[in-house]
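Undergrad:
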């Protein structure tokens, strides 16, 4: 009787604990290399404009192709700021879908990572003029002496538009797991 109860308990234990399903996926935060389909520039885009990116190589998970060469990432311009006095233009792009080479369209949440962040541009421009400032110093008993320093006057050049060429390599950073 004890053997039968032990057999039933062991059967339930082994059938319940080892029934965990695993699906192949690309984890959140992964970077996928892409190229733009056409040059992007803040001069000719608006907020909400549709943009397209192409995958230049295959992405494999174990022995399955997750993303094939030639798959198209579709997205939109989520933030666009025009250049102003002292600041260059800025642009941010979100990805919302992936079109496979066979025509299948899948939802995909991500954002484009430019050289170091998800915003292209937005940096300060160079100063237009400089002022000179004298810092008087008395060093080692000298009664004269000082340092002349050039400091920005507060006037900056007008910002410029920023853009991405069609052969610049960019990355798509996934914001959720992408299941195959």
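Numbering (our numbering), first residue to last: 1165 to 1344. Don't be surprised by glycine CBs; every beta carbon is placed ideally from N, CA and C.
Alpha carbon to alpha carbon, how far is residue 1284 from residue 1324? Give it in angstroms, no decimals.
TA: 12 Å
Undergrad: Quick one: what's residue 1215 bridged to in DSSP?
TA: BP columns for residue 1215 point to 1239.
Undergrad: For residue 1218, would you say it is in contact with chain B, using Cβ-to-Cβ distances shorter than 8 Å as the test?
TA: Note that chain B does not occur in the displayed structure, where there is just one protein chain.
Undergrad: Beta-carbon separation of residue 1243 and residue 1256 under 8 Å?
TA: Result yes, Cβ atoms of residue 1243 and residue 1256 sit closer than 8 Å.
Undergrad: Closest to residue 1215 by C-alpha separation, out of 1344, 1225, 1223, 1204, would be which residue?
TA: 1204
Undergrad: Figure out for me which residue from 1289, 1274, 1209, 1267 has the closest Cα to the Cα of residue 1190.
TA: 1274
Undergrad: Thinking residue 1198 and residue 1334 are a contact (beta carbons under 8 Å), I'd like their distance in whole angstroms, please.
TA: 5 Å
Undergrad: Quick one: is residue 1208 buried, meaning 16 or more other Cβ sit within 10 Å of its Cβ, or exposed?
TA: Taking all protein chains in view, the Cβ of residue 1208 is surrounded by fewer than 16 other Cβ atoms within 10 Å, so the residue is classified as exposed.
Undergrad: Given the structure, does residue 1294 come close to the ligand SAH, in the sense that its CB is under 7 Å from one of the ligand's heavy atoms?
TA: The ligand content of the structure shown is nil, which means the ligand SAH is not present either.
Undergrad: Where does residue 1234 land, buried or exposed, given buried means 16+ other C-beta within 10 angstroms?
TA: exposed
Undergrad: Residue range of the beta strand (DSSP E) that residue 1299 falls in?
TA: Per DSSP, residue 1299 is one residue of the beta strand (DSSP E) stretching across 1294-1300.
Undergrad: Beta carbon of residue 1231, beta carbon of residue 1213: below 8 Å?
TA: no
Undergrad: Tell me the residue span of the beta strand (DSSP E) that contains residue 1249.
TA: That residue, residue 1249, is in no beta strand (DSSP E); it is neither H nor E in DSSP.
Undergrad: Which one of 1240, 1187, 1202 has the shortest CA to CA distance from residue 1259?
TA: 1240
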